[in-house]
Amino acid sequence: MVHVQPKAKANVQSEPAIGIDWNMTNNVAYHDSDNKQYQLSPEVIAKADGYEDQINKLRRKRSMMHGSAKYITKKIQKLSAKRAQPLNEAYRKIAIELVDPIEVLVMKKIGAKDMRKSTGKAKNRKLALLKPYEAKQVIQNRAFKQGVTVVEVDAYKTSQVEYGTELIDKHPLSQREWISPITGKSH
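Structural data, given as structure tokens:
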């Protein structure tokens with residue numbers, strides 16, 4: 002069992018808390034509540050996309066085969082591992098940048114299940130490239146090592162639905178602030 006000591010409070014110049022939201026508009030993986038953007042490099046995205054295309058071609062080929070497909074399955078496994086490595090390294094860099102200067106991190110609880118809804122066909126391809134579960138795990142592990150509290154919030158409460166009302170006011174993802182027609186407050 003490994004025990005990790007949190008950072009000494011005297012050595013840290015930290016803000017109390019930030020909230021992060023993830024999307025893949027213009028390769029920006031996360032936005033925080035201070036409107037800072039955390040991007041994945043275009044090289045990492047291009048490399049992961051290339052591996053994803055190769056994996057999908059092999060999966061199609063495997064589904065059309067009759068008989069044993071062990072060779073193709075092993076090749077898919079190798080390509081999946083190659084695809085995961087640069088993404089995990091990029092997630093680690095983002096996690097360090099996100100977690101080091103704070104004490105509390107608030108993030109949306111979302112997974113692949115939320116992106117498989119029938120209304121979202123082909124709309125979430127870029128979002129799925131991020132692999133939300135792995136990114137979340139890397140960030141949470143870094144937060145644990147640094148002694149940062151992570152709060153996961155239900156996706157409904159972070160959406161563009163005004164929580165507690167029936168009002169649904171969709172606006173573009175690039176619009177980070179809006180005024181509620183019910184309360185008149187700026188969000």
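If you count the sequence shown from 1, you need to add 1 to reach our numbering.
Glycine residues also receive a C-beta, built at the ideal position from the N, C-alpha and C atoms.
Nothing here was measured: the structure is a model prediction, and the numbers come from that model.
| Item | Value |
| --- | --- |
| Bounding residues of the alpha helix (DSSP H) (the contiguous stretch that carries I56) | P43 to M65 |
| Bridge partner(s) assigned by DSSP for S187 | I180 |
| Neighbour-count burial assignment, M65, 16 or more Cβ in a 10 Å radius | exposed |
| Bridge partner(s) assigned by DSSP for E90 | E90 pairs with nothing; no bridge assigned. |
| Delimiting residues of the alpha helix (DSSP H) encompassing K137 | P133 to Q147 |
| Reduced DSSP category for K37 - H, G, I as helix; E, B as strand; rest coil | coil |
| Under 7 Å between C-beta atoms of V149 and L99 | no |
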